[in-house]
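Trainee: Just remember that my numbering sits 380 ahead of the position in the sequence shown, which is counted from 1.
Got a structure here, written out as structure tokens. Questions coming.
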Amino acid sequence: MTTPAQSPTAAADARIPAAHPFAAHLRRAAALEAADPHRAWTPQDGPLPSLYLSHGGGPLPFQAPEWLTPLHDWARSLPKPKAILVVSAHWESAPLSVSADRPDELVYDFGGFDALYYTFRYDTPDAGELSRQVTGLMPDSEHVHRHARRGLDHGAWVPLKIMYPAADIPVLQLSLPTEDPDRLLAIGERLRPLRDQGVLVIGSGHMTHGLPFLTREMFQGNMVPGWSSDFDAWAADALARGDVAELARFRTAAPGMPYAHPTVEHFTPLFVTLGAATDPTAPVVTRLDGYGVGLSRRSFEAA
Numbered sequence: 381m382t383t384p385a386q387s388p389t390a391a392a393d394a395r396i397p398a399a400h401p402f403a404a405h406l407r408r409a410a411a412l413e414a415a416d417p418h419r420a421w422t423p424q425d426g427p428l429p430s431l432y433l434s435h436g437g438g439p440l441p442f443q444a445p446e447w448l449t450p451l452h453d454w455a456r457s458l459p460k461p462k463a464i465l466v467v468s469a470h471w472e473s474a475p476l477s478v479s480a481d482r483p484d485e486l487v488y489d490f491g492g493f494d495a496l497y498y499t500f501r502y503d504t505p506d507a508g509e510l511s512r513q514v515t516g517l518m519p520d521s522e523h524v525h526r527h528a529r530r531g532l533d534h535g536a537w538v539p540l541k542i543m544y545p546a547a548d549i550p551v552l553q554l555s556l557p558t559e560d561p562d563r564l565l566a567i568g569e570r571l572r573p574l575r576d577q578g579v580l581v582i583g584s585g586h587m588t589h590g591l592p593f594l595t596r597e598m599f600q601g602n603m604v605p606g607w608s609s610d611f612d613a614w615a616a617d618a619l620a621r622g623d624v625a626e627l628a629r630f631r632t633a634a635p636g637m638p639y640a641h642p643t644v645e646h647f648t649p650l651f652v653t654l655g656a657a658t659d660p661t662a663p664v665v666t667r668l669d670g671y672g673v674g675l676s677r678r679s680f681e682a683a
């Protein structure tokens, strides 16, 4: 009897040192799956929520239990999606574009980290059907470019590898074509029907992202500066009240600006998430909070 060949993802995972926190995470995930298989979404479940993820710094979440366990538990609290669509801060591109249906390689768009992380893989099933659905949902005036080769960037594959480590769900990435909240809300609204078909729609960014203003105290002791905590408290309050108009005024209304977001691409995927929600003005459910190197990790789901 021949033994089935390992997938490239499983083969790469097998080379991770056993003492590494992500290797422990993979063992935990496998044990949970063996004891209680993740139930697949069915139409009886109704629409999946849309998510906003703070995705962490490069591959750092792979070595931090405070990211690993909450993200994986969040994924298992939802029915297993049929497919996943991600809008990431790390792909700003117009016209609107989608990644390859089944790319050969990931985008390792981070630098200065252990060489181990550049060997990680996340080879997911063909997303061609989802690509066709996304393209069909956009208005005739919104041409969608379909890339033949582009893979997932770290704003997509890092959190998803933690949440769904088996890499057995089709994943497609949609570019972030604008900084305009109203246009992003409209794109999210176009994507809303996907949720009724078991597709998980994710906006991936970071609730605060003042990288130029990180200090030694933030790196070494997770010291939280006022600009980060103030912005996070403002956003949490607006999200709890469903005040989308206030959120859209973040450049001028939010305390801590522009330090919290000297560039805005890590905040604006939030508007795709809210646009895809059944009611963008309904309060959201926070699923991850706290701080990493002083930056807010606030992540939430919208029904």
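Note that beta-carbon positions come from the ideal geometry of N, C-alpha and C, so glycine has one too.
Just so you know, these numbers come straight off a predicted model, no measurement behind them.
Along the alpha helix (DSSP H) that carries G583, what are the first and last residues, could you check?
Mentor: Here G583 belongs to no alpha helix (DSSP H); instead the beta strand (DSSP E) covers V579 to G585.
Trainee: Going by DSSP in three states, Q553 sits in which element: helix, strand or coil?
Mentor: strand
Trainee: Leaving aside the five residues before and after A528 along the sequence, list all residues of the same chain whose C-beta is less than 8 Å from its C-beta, in chain order.
Mentor: A480
Trainee: So, does the CB of D425 fall closer than 7 Å to a CB anywhere in chain C?
Mentor: Although the question refers to chain C, the structure presented lacks it and comprises just one protein chain.
Trainee: Is the beta carbon of V466 closer than 7 Å to that of Q553?
Mentor: yes
Trainee: Apply the 10 Å Cβ neighbour rule to P663 and answer buried if 16 or more other Cβ atoms are within range, or exposed otherwise.
Mentor: exposed
Trainee: What residues are listed by DSSP as bridge partners for Y432?
Mentor: G583 and F680
Trainee: With distances taken from CA atoms, which of R572, R621 and A415 is nearest T658?
Mentor: R572
Trainee: What is the rounded straight-line gap between the Cα of V579 and the Cα of P642?
Mentor: 32 Å
Trainee: Of the choices A455, S387 and A399, whose alpha-carbon is the least far from that of A420?
Mentor: A455
Trainee: What whole-angstrom Cβ distance do T504 and A547 have, given they're in contact under 8 Å?
Mentor: 5 Å
Trainee: What is the DSSP secondary structure of G606, counted as helix, strand or coil?
Mentor: helix
Trainee: Go ahead and label Y671 buried or exposed: buried means 16 or more other beta carbons lie within 10 angstroms of its beta carbon, across all protein chains shown.
Mentor: buried
Trainee: For V624, which three-state DSSP category applies?
Mentor: helix
Trainee: By the three-class DSSP mapping on this structure, what secondary structure does M381 have?
Mentor: Here M381 scores only 44 on pLDDT, less than 50, and its place in the model is too uncertain to base an answer on.
Trainee: Pick from R621, V644 and A625: whose alpha carbon is nearest that of T666?
Mentor: R621
Trainee: Going by C-alpha to C-alpha distance, which of P427, L412, H470 and Y502 sits closest to P459?
Mentor: P427
Trainee: Write down the C-beta distance between G551 and L540 rounded to the nearest angstrom, noting that I regard them as a contact closer than 8 Å.
Mentor: The question names Gly, but residue 551 in the sequence shown is Val. 6 Å between Cβ atoms; contact.
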